[in-house]
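Notes to accompany the following structure.
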Amino acid sequence: GNSVTQMEGPVTLSEEAFLTINCTYTATGYPSLFWYVQYPGEGLQLLLKATKADDKGSNKGFEATYRKETTSFHLEKGSVQVSDSAVYFCALRLIQGAQKLVFGQGTRLTINP
Amino acid sequence: KAGVTQTPRYLIKTRGQQVTLSCSPISGHRSVSWYQQTPGQGLQFLFEYFSETQRNKGNFPGRFSGRQFSNSRSEMNVSTLELGDSALYLCASSLAGARQETQYFGPGTRLLVL
């Protein structure tokens, strides 16, 4: 079946550190890939997306590249801020015409000043 | 443009009761999906509605049901509530449901079953 695996959290970094959150997927077909972020007490916000192999999604300093050969979509940011503290979810959507998102388990990120 | 709105934001019910949650999508969006978020199971897809028809359904018991109205607003209903139904219920909308489209999420309804 289709699934998403994220690196175990929680992840704690100091401000201005480099961030990588690993995400790999298993899918039959060619999924679209997404990173969503959830701040405390809120719903999910789309951070970035990529819809085909080798696409790079980017937003607010975050980047992720759709790697079909390694079935990965790792999230990176060069210099994190305290305001980046949140839970990050990697997700895929596969079926044309259906809106089912398959999520990873989420990675809680805490940035210390 | 207003985002996805969900009502109520918080709800407390007791076992055996039923509950109805409401979702208003972004104006012009015709696809509405529902997800359940719990600490143990994470985010799980419940169902999707498009043009008043259920188009896709997740692996939840029949106690979970939904519907969509002609203005694209959607409701989900949970009957005979169980303690394990305590969760954050998220609604998401998109234009027409294409694979590459972005789903926009509401703030969620937090349901506590006592």
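From first to last, the protein sequence lines are chains E and D.
Just so you know, we're using my numbering here: the first sequence kicks off at 111 and counts up by one.
Just so you know, we're using my numbering here: the second sequence kicks off at 950 and counts up by one.
We treat Cβ as the ideally placed atom computed from N, Cα and C, and that holds for glycine.
Are the beta-carbon atoms belonging to G1007/D and Y1038/D less than 8 Å from one another? no
Grouping DSSP H, G and I as helix and E and B as strand, with all else coil, what is S976/D? coil
Determine the chain E residues that contact T1051/D at a beta-carbon separation under 9 Å, and present them in chain order. F144, L156, K159
Straight-line gap, C972/D to Y998/D (C-alpha atoms, nearest Å): 12 Å
Classification of S1023/D by the beta-carbon crowding that lies within 10 angstroms, buried from 16 upward: buried
Is DSSP giving S1028/D helix, strand or coil here? coil
So S1000/D packs on S1042/D, CB below 8 Å; how close in whole Å? About 13 Å separates the two Cβ atoms, so there is no contact after all.
Under 9 Å from the C-beta of F994/D: neighbouring residues of chain E: Listed by position along chain E, the residues whose Cβ is nearer than 9 Å to that of F994/D are Q209, K210, L211, V212, F213.
Using the beta-carbon of each residue, which ones in chain D are nearer than 9 Å to G119/E? Correct list: empty, because the minimum Cβ distance to chain D is about 12 Å.
Which residues in the same chain as R1059/D place their Cβ atom closer than 6 Å to its Cβ, once the five residues preceding and following it in sequence are excluded? Once the five neighbours on either side are set aside, the close Cβ partners of R1059/D are Y959, L1037.
Rounded to a whole number of angstroms, what is the C-alpha to C-alpha distance between A1047/D and L211/E? 12 Å
Neighbourhood of L992/D by C-beta distance below 8 Å, restricted to the same chain and skipping five residues each side: Y984, Q985, Q986, L1039
Just to check my reading of the structure: Y229/E and D165/E have Cβ atoms closer than 8 Å, yes? What is that Cβ distance to the nearest angstrom? For chain E, the structure presents residues 111 to 223; residue 229/E sits outside this window and is missing.
Residues in its own chain within less than 8 Å of K192/E by CB, not counting five upstream and five downstream? In the sequence as presented, Lys is not what sits at residue 192/E; that position holds Val. Closer than 8 Å at the Cβ level, and outside the excluded window around V192/E, lie E125, I221, N222, P223.
Going along the chain, which residues of the stretch 184 to 205 of chain E sit with their C-beta nearer than 9 Å to a C-beta in chain D? F199, A201, R203, L204, I205
Can you check DSSP and say which residues form a bridge with G991/D? T987/D
Kindly indicate which three-state DSSP category G1033/D falls into: helix, strand or coil? Looking at G1033/D - three-state DSSP - the assignment turns out to be helix.
Whose C-beta lies closer than 7 Å to the C-beta of P957/D among residues of the same chain, with five residues either side of it excluded? T1058
With a CB to CB cut of under 6 Å and the five nearest residues on each side skipped, what residues in its chain are close to S142/E? Excluding positions up to five away in sequence, the list reads T161, R203.
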